[in-house]
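Accompanying notes for the structure given below.
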Amino acid sequence: MNAESPSGSLPPGGPLRVVIFHGGLPPGEPLFAAAGAHEWLRLPDETLDDFADRARAGARELKEPLLLIGGLPATQAQQDLAMAAYDAWLLTDDGVPPCEPSRGMAR
Numbered sequence: 115m116n117a118e119s120p121s122g123s124l125p126p127g128g129p130l131r132v133v134i135f136h137g138g139l140p141p142g143e144p145l146f147a148a149a150g151a152h153e154w155l156r157l158p159d160e161t162l163d164d165f166a167d168r169a170r171a172g173a174r175e176l177k178e179p180l181l182l183i184g185g186l187p188a189t190q191a192q193q194d195l196a197m198a199a200y201d202a203w204l205l206t207d208d209g210v211p212p213c214e215p216s217r218g219m220a221r
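Sequential numbering from 115 applies to the sequence shown in the working numbering.
Here is the structure:
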């Protein structure tokens, strides 16, 4: 998503930058996104790619410079979605968070 925009700082009205956080609450793929005062919630059975594309399109339409996908819940709607997914995870898991691929960070 960021490949379409030149690197460097983000001046007002500049290109949209997208940051995806993995491993937030609940464990697994991100469930919500935020850009400025706007938020997008991932739909049931929506793939991460489809969700990211939908949130990105919304942020671009709103001319927001930064889209954050995932992370810690910041609104009640995000908290509700995260806790419902976390509760479901607790009922079906073996006590170990899902394995996530390395994101290039040193371990």
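Ideal placement from N, C-alpha and C gives every residue a C-beta, glycine not left out.
Predicted model, so just to flag it, every value in this text is computed and none were measured.
- Straight through space, the alpha carbons of Ile134 and Pro144 are spaced by roughly 8 Å.
- The DSSP assignment places 131 to 134, 146 to 149, 152 to 155 and 180 to 183 as complete runs of the beta strand (DSSP E) inside the region 129 to 201, in order along the chain (cut-off: 3 residues).
- Note on Pro158: under 16 other CB atoms within 10 angstroms of its CB, so exposed under the neighbour-count rule.
- A distance below 6 Å between beta-carbons, with the five flanking residues on each side excluded, links Leu162 to the following residues of its chain, in chain order: Glu143.
- The beta carbon of Gly150 lies closer than 6 Å to those of Glu178 in the same chain, with the five residues before and after it left out.
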